[in-house]
Each structure stands twice: as structure tokens, then as C-alpha cells.
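Peer 1:
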Amino acid sequence: MAKKKVVLTFPPEKIEQPITYHLVKDYDLIINILRAEIYEEETGRMVLELDGPKDKIEEGIAYLKSQNVTVEEAARDIILNEEECIDCGACTAVCRPGALYLNPKTFELEFDKDKCILCGLCVKVCPLGLIEVKF
Numbered sequence: 408m409a410k411k412k413v414v415l416t417f418p419p420e421k422i423e424q425p426i427t428y429h430l431v432k433d434y435d436l437i438i439n440i441l442r443a444e445i446y447e448e449e450t451g452r453m454v455l456e457l458d459g460p461k462d463k464i465e466e467g468i469a470y471l472k473s474q475n476v477t478v479e480e481a482a483r484d485i486i487l488n489e490e491e492c493i494d495c496g497a498c499t500a501v502c503r504p505g506a507l508y509l510n511p512k513t514f515e516l517e518f519d520k521d522k523c524i525l526c527g528l529c530v531k532v533c534p535l536g537l538i539e540v541k542f
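Residues in the sequence shown are numbered consecutively from 408, following the working numbering.
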């Protein structure tokens, strides 16, 4: 079994169609919706974790693209300005999955993109505004 986090962007005309249903029914994938912003007659966005055989995940992604849904890897959507970061650790206090943490040896902020669920809590607490989540 493989896992892949993706950000889906739905065109307005696809919002009311059961696209994620087909990932489960037709491709036998387990889906976990991590975050969604979907409004009637607007572009919709969803962060989704896909779980299943690697070939089925790829087939499911191909299906999404055939439906004019833009598919991007979720980890590409977070921006951390590491050059200006002062390693204060404020973001680590709200990062439930532990994607942001202070290295115990160097006391520098580190980011594990595989653990990030793009919740955006870190953005709100960074005192310098150095973390941005593109969703």
C-alpha cells in the first residue's frame, strides 16, 4: 500500500459532481480529506490523502486529470522563509502532526513535509509571518 497527499483544484462546473466518490468506487482507494474549501459556482480546493496500491493511485490521479481537476503534490504548497527564521519555535507548539520541530542538537527549526497536513495553524502563530500555506 502507498500513500500520497495531493491538492485538488476543481473548476466551478465540477463542484457538484461526485468525483471523489469515483476514487473510492472505481479505483478502490481510501481517501482522507484533510482540508477542503468548496463553494457553489467557484473554484474548489481540497487536500486529500490517497491510500492504496501505487498503480491504483496513479490511475485515480489520471482520472482526476481527465475530469479537468488540477492535481498537485500537497508538500509543494507550504512556503517557509528559512533565511529570515529566528528559530523561535512558536510554530512547533501548534503543529499537531510534528511536521515543524526544533532539532534537539542545533535548536534550528526543521520541517518534515511528509508529516504536514497543511492545516495552516503555523501561519497564524509565526511572529514574523514567515510561513505561508498556498491552498
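Backbone N, C-alpha and C define an ideal beta-carbon position, used for all residues, glycine too.
(1) From the DSSP output, in three-state form, read off Ile-440 for me.
(2) Alpha carbon to alpha carbon, how far is Thr-499 from Leu-471?
(3) According to DSSP, simplified to helix, strand and coil, what is Ile-422?
(4) Between Thr-427 and Ile-438, is the Cβ-Cβ spacing less than 8 Å?
(5) What are the residues that DSSP puts in a beta bridge with Lys-412?
(6) From Tyr-446 to Glu-479, what distance separates their C-alpha atoms?
Peer 2: In terms of the structure at hand:
(1) The residue labelled residue 440 in the question sits at position 33 within the sequence shown. Correct three-state label for Ile-440: strand.
(2) Within the sequence shown, the letter at position 92 stands for residue 499. Within the sequence shown, the letter at position 64 stands for residue 471. Approximately 34 Å, taken between the alpha carbons.
(3) By 1-based counting over the sequence shown, the position of residue 422 is 15. Ile-422: coil per DSSP, three-state reduction.
(4) In the sequence shown, residue 427 corresponds to position 20, counting from 1. In the sequence shown, residue 438 corresponds to position 31, counting from 1. Yes, Cβ-Cβ distance for Thr-427 and Ile-438 is below 8 Å.
(5) By one-based count along the sequence shown, residue 412 stands at place 5. In DSSP, Lys-412 forms a bridge with Glu-456.
(6) Taking the sequence shown and counting its residues from 1, one reaches residue 446 at position 39. Taking the sequence shown and counting its residues from 1, one reaches residue 479 at position 72. Answer to the nearest angstrom: the Cα atoms are 20 Å apart.
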